[in-house]
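Residue numbers (my numbering): -4 to 371. For every residue, glycine included, the Cβ atom is placed at its ideal position computed from N, Cα and C. In this text, all values refer to a predicted model and were calculated from it rather than measured experimentally.
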Amino acid sequence: MQEEIKMIKKNKTWELVDYPNDKEIIGVKWVYKPKLYSDGSIQKHKARLVAKGYSQKYGVDYNETFAHVARLDTIRALVALAAQKKWHIHQLDVKSTFLNGYLEEEIYVEQPQGFVIPGKEDKVLKLKKALYGLKQAPRAWYSRIDEYYTSHEFRRSKSEPTLYIKTQSNNILIVSLYVDDLIYTGNNEKMMKEFKEDMMKTFEMTDLGLMHYFLGIEINQEKSGIFVSQKKYTESLLKKFKMSECKPVATPLVTNEKFRKEDGSNKADVSIYRSLIGSLLYLTATRPDIMYATSLLSRFMQNPTQVHYGAAKQILRYLQGTKDYGIWFKPTDKSILIGYTDSDWAGSMDDMKMLLNHLQKQNTSQQLLQPVKLYG
């Protein structure tokens, strides 16, 4: 808590002012959370002073809240590129992310518990920069970091707003940002060192060295390639749904099993089913082997049955025996982009929309007579 207050004062986040009669005062509270290593051990304890943003009113306390975040597809593509080029991926952590974003609105908060200034209990704090919990905090931070990158000759990707690229002659530096976590790679060690030193000086960052753990993904960087997995996340997923002691199975789905919206079985708990499917979809970032099964079952999130829920638990049983699975990215002699598709044109037992939509686009009766070729 002392470190958090020290960082807030260093960033000149607020100033002590008289209580304004025409403004709403937002409360604050302390939130404690440990930061973990990939093996589950504690890296450090964190204390955050968080504003009670739920009390803010749209149009009064804030206007714009939208902020970009990196997609897992982008992170995976960056890892694949680094593996192919035999680059190392490094990681930085912003000590107090939202304390760097400038506010456009006039916001007042109460003095934090345990740090009320004696003799000035009736005064409040006027924010100059954002605090955790404020509705506009992510937007303010992203605007601040985007301004920094554009002023330092970085080009922002058109398809991924949190991906920045800087080139100097034949040298390249690539940076990806996810809120307070930042990863970077490139082909010039001097260029990356200068970038790290300037970032740490400007934003008070912690150098985490080579990337080992990012967004719940474990990364093992070797000379022969980069291996990514989510073993810890898989174990916590099995524990969450009380399947940590289940017997493993060889496949995520029963062969040739078909599903219907209405299959005659009892209804499953909607919230539990949606939570399970959502968790499995996040796991597909490093487990493409469960992509088909998870996507198939996601069709029934609106009104799941016990049959659908049982099939989802089958995926968990499959994960029980394959916790160590992941994706191994390794350099190849020829860099070739390969695409794959597996379209089940008539797989839906309810309406076969995919097949009907395709048939409606056909122009001749001869083509209509040969839909079987779609499976070729």
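Check: Rounded to a whole number of angstroms, what is the C-alpha to C-alpha distance between ALA153 and ASP141?; Outcome: For clarity, residue 153 is Lys in the given sequence; the question names Ala instead. If I take the Cα positions, the gap works out to 13 Å.
Check: May I ask you to report which of helix, strand or coil DSSP gives PRO133?; Outcome: helix
Check: Can you tell me where the alpha helix (DSSP H) holding ALA263 begins and where it ends?; Outcome: That residue, ALA263, is in no alpha helix (DSSP H); it is neither H nor E in DSSP.
Check: Have a look at PRO133 and GLY35 and give me their C-alpha separation to the nearest angstrom.; Outcome: 27 Å
Check: Mind checking whether TYR14 and LYS118 have CB atoms under 8 Å apart?; Outcome: yes
Check: What did DSSP end up calling VAL89 once you bin it into helix, strand or coil?; Outcome: strand
Check: I'd like the span of the alpha helix (DSSP H) that includes MET200, first residue to last.; Outcome: Looking at the DSSP string, MET200 is not in any alpha helix (DSSP H); the run it does join, the beta strand (DSSP E), is 200 to 205.
Check: How close, in whole Å, do the beta carbons of VAL174 and VAL64 come, if the pair is a contact with beta carbons under 8 Å?; Outcome: 7 Å
Check: Secondary structure at GLY305, three-state DSSP: helix, strand or coil?; Outcome: helix
Check: Closer than 8 Å by C-beta to GLU(-1): which residues in its own chain qualify, once you throw out the five before and the five after it? Chain order, please.; Outcome: ALA42, ARG43, LEU44, SER91
Check: Do MET186 and LEU168 come within 8 Å of each other at the CB atom, strictly closer than that value?; Outcome: yes
Check: Would you grab the beta carbon distance between HIS85 and THR180 for me? Rounded to a whole angstrom, and I think it's under 8 Å.; Outcome: 7 Å
Check: So, HIS303 versus PHE254, is the Cβ gap smaller than 8 Å?; Outcome: yes
Check: Report the partner residues of HIS40 according to the DSSP bridge assignment.; Outcome: PRO29
Check: Can you round the beta-carbon distance between PRO299 and VAL244 to whole angstroms, since I take them to be within the 8 Å contact cut?; Outcome: With a Cβ gap of about 20 Å, PRO299 and VAL244 do not count as contacting.
Check: Mark ARG282 as exposed unless 16 or more other C-beta atoms lie within 10 angstroms of its C-beta, in which case mark it buried.; Outcome: buried
Check: Let me confirm a value: THR201 is counted as buried when at least 16 other C-beta atoms fall within 10 Å, else exposed. Which label applies?; Outcome: exposed
Check: Whose C-beta lies closer than 7 Å to the C-beta of LYS124 among residues of the same chain, with five residues either side of it excluded?; Outcome: ASN6, THR8, LEU94, ASN95, GLY96, TYR97, LEU98
Check: Who pairs with GLY220 in a beta bridge, going by DSSP?; Outcome: GLU217
Check: Starting from the Cα of LYS227, find the closest Cα among GLU101, LEU11, SER239 and give me that residue.; Outcome: SER239
Check: Thinking GLY128 and LYS237 are a contact (beta carbons under 8 Å), I'd like their distance in whole angstroms, please.; Outcome: GLY128 to LYS237, Cβ: 32 Å. No contact.
Check: My understanding is that LEU233 touches LEU332, with C-beta atoms under 8 Å, so please give their C-beta distance in whole angstroms.; Outcome: Going by Cβ atoms, the distance from LEU233 to LEU332 rounds to 35 Å, so no, they are not a contact pair.
Check: Is it the case that the Cβ atoms of LYS161 and LEU87 are separated by a distance below 8 Å?; Outcome: no
Check: Since I believe LEU292 is in contact with ALA307 (beta carbons under 8 Å), could you give me their beta-carbon distance rounded to a whole number of angstroms?; Outcome: 5 Å
Check: Within the same chain, show all residues whose beta-carbon is closer than 6 Å to that of LEU203, passing over the 5 residues directly before and after it, in chain order.; Outcome: GLN86, ASP88
Check: So, are the CB atoms of GLY321 and PHE222 less than 8 Å apart?; Outcome: yes
Check: Let me know if GLU10 comes out buried or exposed under the rule of 16 or more other beta-carbons within 10 Å of its beta-carbon.; Outcome: exposed
Check: TYR49: buried (16+ other C-beta within 10 angstroms of its C-beta) or exposed?; Outcome: exposed
Check: Between the C-alpha atoms of ILE214 and PHE324, what's the straight-line distance to the nearest angstrom?; Outcome: 11 Å
Check: Tell me which residues share the same chain as ASN16 and place their Cβ nearer than 7 Å to its Cβ, disregarding the 5 neighbours each side in the sequence.; Outcome: none
Check: For the alpha helix (DSSP H) that contains THR246, what are its first and last residues?; Outcome: Careful: THR246 lies outside any alpha helix (DSSP H) and carries neither H nor E.
Check: Looking at LYS115: is its Cβ nearer than 8 Å to the Cβ of THR229?; Outcome: no
Check: If you draw a straight line from the alpha carbon of THR327 to that of ASN166, how long is it in whole angstroms?; Outcome: 21 Å
Check: For a test of your reading of the model: does the CB of MET200 fall under 7 Å from any non-hydrogen atom of the ligand GDP? Yes or no.; Outcome: For the structure depicted, the ligand GDP is absent and the ligand set is empty, with no information on it obtainable.
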